[in-house]
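These protein sequence lines are chains C, S, Y and Z, in that order. Numbering (this note's numbering) for the first sequence: 1 to 228. Numbering (this note's numbering) for the second sequence: 1001 to 1228. Numbering (this note's numbering) for the third sequence: 2001 to 2228. Numbering (this note's numbering) for the fourth sequence: 3001 to 3228. Just so you know, even glycine gets a beta-carbon here, dropped at the ideal spot from N, CA and C. Model, not experiment: these values are computed from the prediction.
Number of protein chains: 4
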Amino acid sequence: MVQIELPVVAINFKTYPQATGERAVLLAQHCESVAKEYGVSIVVAPQTPDLYRVSRAVDIPVFAQHMDPGAPGRHTGHVLGETLVEAGCSGTLLNHSENRMILADLEEAVRTAERLHLYTIVCTNNPTVSVAAATLAPSAVAVEPPELIGTGISVSQAQPEIITGTVEKIRAVNPDVTILCGAGISTGEDVRAALDLGAQGVLLASAVAKSDRPVEVLKSLVEPLRDC
Amino acid sequence: MVQIELPVVAINFKTYPQATGERAVLLAQHCESVAKEYGVSIVVAPQTPDLYRVSRAVDIPVFAQHMDPGAPGRHTGHVLGETLVEAGCSGTLLNHSENRMILADLEEAVRTAERLHLYTIVCTNNPTVSVAAATLAPSAVAVEPPELIGTGISVSQAQPEIITGTVEKIRAVNPDVTILCGAGISTGEDVRAALDLGAQGVLLASAVAKSDRPVEVLKSLVEPLRDC
Amino acid sequence: MVQIELPVVAINFKTYPQATGERAVLLAQHCESVAKEYGVSIVVAPQTPDLYRVSRAVDIPVFAQHMDPGAPGRHTGHVLGETLVEAGCSGTLLNHSENRMILADLEEAVRTAERLHLYTIVCTNNPTVSVAAATLAPSAVAVEPPELIGTGISVSQAQPEIITGTVEKIRAVNPDVTILCGAGISTGEDVRAALDLGAQGVLLASAVAKSDRPVEVLKSLVEPLRDC
Amino acid sequence: MVQIELPVVAINFKTYPQATGERAVLLAQHCESVAKEYGVSIVVAPQTPDLYRVSRAVDIPVFAQHMDPGAPGRHTGHVLGETLVEAGCSGTLLNHSENRMILADLEEAVRTAERLHLYTIVCTNNPTVSVAAATLAPSAVAVEPPELIGTGISVSQAQPEIITGTVEKIRAVNPDVTILCGAGISTGEDVRAALDLGAQGVLLASAVAKSDRPVEVLKSLVEPLRDC
């Protein structure tokens, strides 16, 4: 399994035009330079067609945004783990809120990724689903507390129990899984709050991938990681 | 719109290990060398993570195996047309039997591809669906006569009406769409039969992508195209 | 095939609490009494678990809101045509915007329904998709002009071309299919406008199924049908 | 929550013609008469359009084969819990292998069912998925050991660890959930073996629903329950 240094900041490029094609490469290079300058762990998740060119251009871990279950051979148009490995990926997001997976497929994808030494971050929408995902033994679970989705409330402003409660429940079934905070993160203050509450990293998208000044934003986001 | 010279042989790499990663590049280069040597039109459709590296390596048209509908921004893990363009694609398969699409999504994908000048090949499973697909005005329809799917019967052995009947029905609603034969093709004889019966090309996968001697197979497949 | 008298007003009960269980029966009886009093054609589409009790209670045609493709035997939890017939259904909606279907499945469902003499109303989201659906030869297509969806604009207020254009395009590929207007209908004036513009009926939901006074609304809606 | 007496034999009617419409009612009545004669607990799961007529005809618990997540209002063609309650259902199967669910939808459906006092049986395909499902706190998990699916091996012939191992893993995360054996059951001997190995009941389909002599089969199946 690829080792991801913790705490980690994972950047989902989604399909933002500012993070597509050559601009995906540029953004990943910005992430790499900040990671090196600050000595912190940053992971990038560009779109599937951009994975190869990004992984060739940077030394930080490159993740897919999704991986399908299934064995090589058929499955036209599907994104299999074996092909992600060939494209230079170190891991993959799974079950993102924009790409929810069937439970049995999710488990199969986690197992396939495990066999291929790909790191898996399973996104989840509430504490109960987070616990269920944790029992599948992925590398990490990225919890998105419903109180922080689309409400404009950030982790640093929210009630601490929202995060700590989920962390405790996950730990009861899986003491080893990495726990990321996957919502309500746009500033360094939010990252610090997430880490203080027991998360081992964060997963975010627009604050970096849509920014006109991504380097500046990245520096402010990773500042709290230097102290860890 | 990218112009694809007709008749055309389109090769779906599926997720065959022999057509993944660096071997996808190699297979595409074989296709390119045969296309140039014989002066014929060959299109390759590698897996999504391989699109960029293949399109950088060859001058023949590179197609995606699937494209999702949707506008850039969200859609984590989806494969959007804008990103395919950036990856060097000239077109995409749509609605492959291993990746069937919702009708409204298929139409939206065809429209988006059109706007982005991406060539679209819509796969269909019977004459009625072929006609429906043709009314969406994609660049091409790849018909898979049910009599040729999984029966071991090739186009050259089948009753001519199986192909000619579908061609006639499609022409009644769309005189311009390119018609490919998408099943029952593994030899040059099959290609010739398909062309004789009114198809303007073929879509095939395993005969090339799983072959130990793909160049040899490709040469035999494109032989009938030289005469056109 | 069940004959549905035209023009028709089809009422989709959706999953409104006011149109569920015993209240579905009551609403269907209201529809029946208005249909008889006014001598007009009304079709009701209650939820799947309510189909049997509604079809037992009324003499007007009862439609399912959805039907899955597939042959009897497996398919746990799916809604097959054979079972709809046993439940007393005369037809089914297909491809509703809240239940979009894969093109190949839609075609298979239309064929199965045809064999079982079930009337099919295929919902479509724009003129191009309406034409594609019409080539599948369902009993009817319910067109939802995008200009009338969620805009608050009703058919009677909209530019006539929005309906007439779609009707013309459908007629070019299928002179026989019944054309319903599936959006922008909440008053008798809207029904009249839809009929004037070439539709042979309407499909609507909330104006009746959420109403506190459904009989009154129904009477106003069917008033224009009396004159036909 | 409806209380289901344990041990239980749950019969999935699937879409078998022998268990559709009036024949679903008849089969459910057979199940009821055997349940009463032998003083055992039998649950029937007919198709969605048959739920109302079956629940009206028998006093044993009637389950749906599937339930969709979502709140009443929209969701045309979906099967919501509120409507199942109105149709006389006591519970529902969820995530059957022929109707796999997205993890987040499955959790939402379990929560909705809980609120509506509907009993939930979540089907699962291997030990890891069984544990994940158990953390969602459904009423029951029906485990389908992969060694018993499509292999012709029955529970009574299989190695005991196949069942006991899964039971232990589930108990570690949820001491209360009912555990059913959902594969490899066609005789009373199989039922006895399943109960001996820690299951609290069985879920089966074809052995009863496709049988020419369902009463006889049912009697042989429930014989071991009399001793419990």
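Note down, in chain order, every chain Z residue with its Cβ under 9 Å from the Cβ of residue i.
i	result
A2082 (chain Y)	Per the sequence shown, residue 2082 (chain Y) should be read as Glu rather than Ala. Simply T3015, P3017, T3020 and G3021.
A2010 (chain Y)	Near A2010 (chain Y) there are no residues of chain Z at all, since even the closest Cβ is about 12 Å away, more than 9 Å.
A2057 (chain Y)	Here the premise fails: no neighbours, minimum Cβ distance about 11 Å.
Could you tell me which chain C residues have their CB closer than 9 Å to the CB of residue i, listed as they occur along the chain?
i	result
L1051 (chain S)	T48, P49 and Y52
A1028 (chain S)	Those do not exist, as A1028 (chain S) stays about 14 Å from chain C at its closest Cβ, beyond 9 Å.
Using a cut-off of 8 Å between C-beta atoms, extract the partners of residue i located in chain Z.
i	result
R2074 (chain Y)	K3014, T3015 and E3098
A2113 (chain Y)	The contacting residues do not exist; A2113 (chain Y) stays about 14 Å from chain Z at best.
E2032 (chain Y)	Going along chain Z, no residue has its Cβ under 8 Å from E2032 (chain Y), so there is no contact; the nearest lies around 19 Å.
E2005 (chain Y)	Residues of chain Z passing the Cβ test: none, with the nearest at roughly 24 Å.
Using the beta-carbon of each residue, which ones in chain S are nearer than 8 Å to residue i?
i	result
H117 (chain C)	The contacting residues do not exist; H117 (chain C) stays about 16 Å from chain S at best.
Let me confirm a value: residue i is counted as buried when at least 16 other C-beta atoms fall within 10 Å, else exposed. Which label applies?
i	result
P175 (chain C)	exposed
Q159 (chain C)	exposed
E1022 (chain S)	exposed
T112 (chain C)	buried
G1039 (chain S)	exposed
R53 (chain C)	buried
G77 (chain C)	buried
H1066 (chain S)	buried
D50 (chain C)	buried
E2144 (chain Y)	buried
P146 (chain C)	exposed
T166 (chain C)	buried
Q1047 (chain S)	buried
D1190 (chain S)	buried
T151 (chain C)	exposed
H117 (chain C)	exposed
E1110 (chain S)	The identity of residue 1110 (chain S) in the sequence shown is Val, whereas the question assumes Glu. The residue is buried, with at least 16 neighbouring Cβ atoms inside 10 Å.
V2002 (chain Y)	exposed
A172 (chain C)	exposed
E107 (chain C)	buried
E1082 (chain S)	buried
Name the chain S residues that come within less than 7 Å of residue i, Cβ to Cβ?
i	result
L2101 (chain Y)	For the sequence presented, residue 2101 (chain Y) should be read as Met rather than Leu. Result: I1102 and L1103.
Which residues does DSSP list as the beta-bridge partners of residue i?
i	result
F63 (chain C)	C:G91
N2012 (chain Y)	Y:A2045
P72 (chain C)	C:R74
T3178 (chain Z)	Z:A3140
L1221 (chain S)	DSSP lists no partner for L1221 (chain S).
I121 (chain C)	C:L93 and C:A140
G2201 (chain Y)	Y:V2008
I102 (chain C)	Z:I3102
What in chain C is Cβ-close to residue i, meaning under 8 Å?
i	result
L3093 (chain Z)	What L3093 (chain Z) touches in chain C: nothing, since even the nearest Cβ is about 14 Å away.
V3173 (chain Z)	T135 and V173
Output, in chain order, the set of chain Y residues within a Cβ distance shorter than 8 Å of residue i.
i	result
L1106 (chain S)	L2103
Mind listing the chain Z neighbours of residue i? Cutoff is C-beta to C-beta under 7 Å, in chain order.
i	result
V2079 (chain Y)	T3048 and P3049
Counting only Cβ pairs nearer than 9 Å, list the residues of chain Y close to residue i.
i	result
A3109 (chain Z)	Going along chain Y, no residue has its Cβ under 9 Å from A3109 (chain Z), so there is no contact; the nearest lies around 12 Å.
Going along chain Y in order, which residues have a C-beta closer than 7 Å to the C-beta of residue i?
i	result
A3035 (chain Z)	Correct list: empty, because the minimum Cβ distance to chain Y is about 22 Å.
| task | Could you list the residues in the region 2183-2211 of chain Y with a C-beta less than 7 Å from some C-beta on chain Z, going in chain order? | result | Residues of the region 2183-2211 of chain Y with a Cβ closer than 7 Å to any Cβ of chain Z: none.
| said: For the region 3129-3162 of chain Z, list every residue whose C-beta sits within 9 Å of some C-beta in chain C, in sequence order. | reply: Of all residues in the region 3129-3162 of chain Z, only V3129, V3131, A3132, A3133, A3134, T3135, L3136 and A3137 place a beta-carbon less than 9 Å from a beta-carbon of chain C.
| request: Would you be able to state if there are at least three C-beta pairs under 8 Å between the region 3065-3075 of chain Z and the region 3026-3037 of chain Z? | output: Using a C-beta cut-off of 8 Å, the region 3026-3037 of chain Z makes no contact with the region 3065-3075 of chain Z, since fewer than three inter-stretch Cβ pairs fall below that distance.
| Against chain Y: residues of the region 1214-1225 of chain S by CB proximity under 9 Å | Across the region 1214-1225 of chain S, no CB contact with chain Y closer than 9 Å is found for any residue.
| query | Given a limit of 8 Å on CB to CB distance, which residues of the region 62-73 of chain C reach chain S? | reply | Taking 8 Å as the upper bound on Cβ-Cβ separation, chain S lies near residues A64, Q65, H66, G70, P72 and G73 of the region 62-73 of chain C.
| query | Can we say the region 96-103 of chain C touches the region 1080-1090 of chain S, given the rule of at least three CB pairs closer than 8 Å? | reply | In this structure the region 96-103 of chain C does not touch the region 1080-1090 of chain S; the number of beta carbon pairs closer than 8 Å is below three.
| query | Using 8 Å as the threshold, is the region 203-222 of chain C in touch with the region 1009-1022 of chain S, meaning 3 or more CB pairs across them? | reply | The region 203-222 of chain C vs the region 1009-1022 of chain S: no contact.
| query | For the region 2149-2159 of chain Y against the region 1127-1134 of chain S, are there 3 or more C-beta pairs whose distance is under 8 Å? | reply | No, the region 2149-2159 of chain Y is not in contact with the region 1127-1134 of chain S.
| query | Are the region 3133-3147 of chain Z and the region 129-143 of chain C touching, with three or more C-beta to C-beta distances below 8 Å? | reply | Taking one beta carbon from each stretch, the region 3133-3147 of chain Z and the region 129-143 of chain C have 3 or more pairs nearer than 8 Å; the two touch.
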